[in-house]
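Trainee: Would you mind keeping the following structure in view while I ask a few things?
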Amino acid sequence: MNSAIFEGQVRHRRLKPRVHAFNYRMFMVYLDLSELDSVFAGRWLWSTSRRALARFRREHHMGDPSVPLDEAVRDLVADQTGRRPQGPIRLLTHLSYFGYCFNPVSFYYCFDSQERLETIVAEVNNTPWGEQHCYVLAAPDDKGAGEHKRYAPHKLMHVSPFMPMDVEYDWRFNTPDARLDVHMENARDGEKMFDATLSLERTEISGTALARVLVVYPLMTLRVMWGIHWQALRLWLKRIPVYDHPAKHKPLEGKH
Numbered sequence: 155m156n157s158a159i160f161e162g163q164v165r166h167r168r169l170k171p172r173v174h175a176f177n178y179r180m181f182m183v184y185l186d187l188s189e190l191d192s193v194f195a196g197r198w199l200w201s202t203s204r205r206a207l208a209r210f211r212r213e214h215h216m217g218d219p220s221v222p223l224d225e226a227v228r229d230l231v232a233d234q235t236g237r238r239p240q241g242p243i244r245l246l247t248h249l250s251y252f253g254y255c256f257n258p259v260s261f262y263y264c265f266d267s268q269e270r271l272e273t274i275v276a277e278v279n280n281t282p283w284g285e286q287h288c289y290v291l292a293a294p295d296d297k298g299a300g301e302h303k304r305y306a307p308h309k310l311m312h313v314s315p316f317m318p319m320d321v322e323y324d325w326r327f328n329t330p331d332a333r334l335d336v337h338m339e340n341a342r343d344g345e346k347m348f349d350a351t352l353s354l355e356r357t358e359i360s361g362t363a364l365a366r367v368l369v370v371y372p373l374m375t376l377r378v379m380w381g382i383h384w385q386a387l388r389l390w391l392k393r394i395p396v397y398d399h400p401a402k403h404k405p406l407e408g409k410h
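According to our numbering, numbering within the sequence shown proceeds without interruption in unit steps and concludes at 410.
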């Protein structure tokens, strides 16, 4: 089975205009989308098709919920790059736990027919606006990245009210194996102001492993949302500037 659990930590560091940092222990599920029908077979607390304490729900992700998720990903990549993924699609994400789900970002790792990592899709969600945007990362700049693929997409979505839109992204990914690493940096006018690092280690899916993460990380997605709001309060108390959502400044169209 290619699906797995990945466990480790996420760290955020803000360097400007004031220093702010935190890190949390966490786990995420890595799902081979061709294994959705079997990955949790016989696990009564986990499911991809029925109500369960931990559940994968198609409607939480990109595209028309009536279209299989792997097909939606292939369609998106083909539309934006002209090249349709021919190999497996594997998704790093949070599931719905106790009926609640929020994913700041999920990653689709798209492989070619030889199972070489070809394209990454970053599916970003924001709060409180409830918007979603997918960045298709298909043309890496590997200069200086070592084993990591490096991408520099343009910022197209307002994610945090404490981060302006005019920042440059620098994202780096390895090919998931025993470890999974994601590193992101934000710079403004060429000066680094923020970075985030996700460092996870693989655990094979088993009844014991699935039970353990539910005990160690109860209410995982509620903890994610609580952490977002707690850190936002800390940033506000530090008087970090707040930036309006760009839509607030769009001119109103006149009625005819």
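By construction, the Cβ of each residue, glycine as well, lies at the ideal position given by its N, Cα and C atoms.
Between G228 and R238, what straight-line distance do the alpha-carbon atoms span, to the nearest angstrom?
Mentor: Note that residue 228 corresponds to Arg in the displayed sequence, not to Gly. So the two alpha carbons sit approximately 6 Å from each other.
Trainee: Identify whether L291 lies in helix, strand or coil by the three-state DSSP scheme.
Mentor: The answer is strand: DSSP assigns L291 an E or B state.
Trainee: Relative to the C-alpha of R377, which residue among F181, R388, H166, R168 is closest?
Mentor: Comparing Cα-Cα distances from R377 to each of F181, R388, H166, R168, the minimum goes to F181.
Trainee: Mapping DSSP to helix, strand and coil, what is Q268?
Mentor: Of the three classes helix, strand and coil, the one that applies to Q268 here is coil, per DSSP.
Trainee: In terms of DSSP beta bridges, what is F160 paired with?
Mentor: DSSP, once it has assigned bridges, lists M182, R356 as partnering F160.
Trainee: I'd like the span of the alpha helix (DSSP H) that includes A414, first residue to last.
Mentor: As shown, the chain starts at 155 and ends at 410. That puts residue 414 outside it, with no answer to give.
Trainee: Report the CB separation of D324 from A350 in whole angstroms; it is logged as a contact under 8 Å.
Mentor: No, D324 and A350 are not in contact; Cβ-Cβ is about 11 Å, not under 8 Å.
Trainee: Evaluate N340 with the Cβ neighbour count: other Cβ atoms within 10 Å of its Cβ, from every protein chain shown; 16 or more gives buried, anything less gives exposed.
Mentor: That one is buried.
Trainee: Considering I382, what are the terminal residues of the alpha helix (DSSP H) in which it resides?
Mentor: Start and end: 374-391.
Trainee: Rounded to whole angstroms, what is the Cα-Cα separation between K309 and G241?
Mentor: So the two alpha carbons sit approximately 28 Å from each other.
Trainee: If you follow the alpha helix (DSSP H) that E225 is part of, which residue opens it and which one closes it?
Mentor: First-last of the alpha helix (DSSP H) with E225: 223-235.
Trainee: DSSP three-state label for T329, please.
Mentor: T329: coil per DSSP, three-state reduction.
Trainee: Could you say if the region 199-212 and the region 380-387 meet the contact criterion of at least three C-beta pairs nearer than 8 Å?
Mentor: Touching, no.
Trainee: Within 8 Å, do at least three Cβ pairs link the region 359-373 to the region 283-290?
Mentor: No: fewer than three Cβ pairs fall under 8 Å.
Trainee: Taking the CB atoms as reference points, tell me whether M311 and N280 lie closer together than 8 Å.
Mentor: The answer is yes: Cβ separation under 8 Å.
Trainee: From this set, L185, R244, L187, which residue's C-alpha is nearest I274's C-alpha?
Mentor: The shortest Cα separation from I274 among L185, R244, L187 belongs to R244.
Trainee: Using the C-alpha atoms, what's the distance from T375 back to G344?
Mentor: In a straight line, the C-alpha of G344 is about 34 Å away from that of T375.
Trainee: What's the gap between the Cα of Y263 and the Cα of R212?
Mentor: Their backbone Cα atoms lie some 17 Å apart in a straight line.
Trainee: I'd like to check one pair, A175 with T235: are the Cβ atoms closer than 8 Å?
Mentor: No.
Trainee: For A365, is the classification buried or exposed, using 16 other Cβ atoms within 10 angstroms of its Cβ as the cut-off for buried?
Mentor: Classification for A365: exposed.
Trainee: Tell me which residues share the same chain as V278 and place their Cβ nearer than 8 Å to its Cβ, disregarding the 5 neighbours each side in the sequence.
Mentor: Around V278: P258, V259, Q286, H287, C288, Y289, M311, V313.
Trainee: Identify, in the order they occur along the chain, each residue of the same chain with its Cβ nearer than 6 Å to the Cβ of S201, setting aside the five sequence neighbours on each side.
Mentor: Excluding sequence neighbours, S201 sits near F194, R209.
Trainee: Just tell me which of M347, W198, R304, D218 has its CA closest to the CA of L169.
Mentor: For L169, the nearest C-alpha among the options comes from M347.
Trainee: Please classify P171: is it buried, with 16 or more other beta-carbons within 10 angstroms of its beta-carbon, or exposed?
Mentor: The residue in question, P171, is exposed, as its Cβ has fewer than 16 Cβ neighbours within 10 Å.
Trainee: Judging by CA-CA distance, which residue of Y397, W198, V221 is the nearest neighbour of D320?
Mentor: The shortest Cα separation from D320 among Y397, W198, V221 belongs to Y397.
Trainee: Taking C-beta to C-beta, are S157 and L185 nearer than 8 Å?
Mentor: Yes, the pair counts as a contact, with Cβ atoms nearer than the cut-off.
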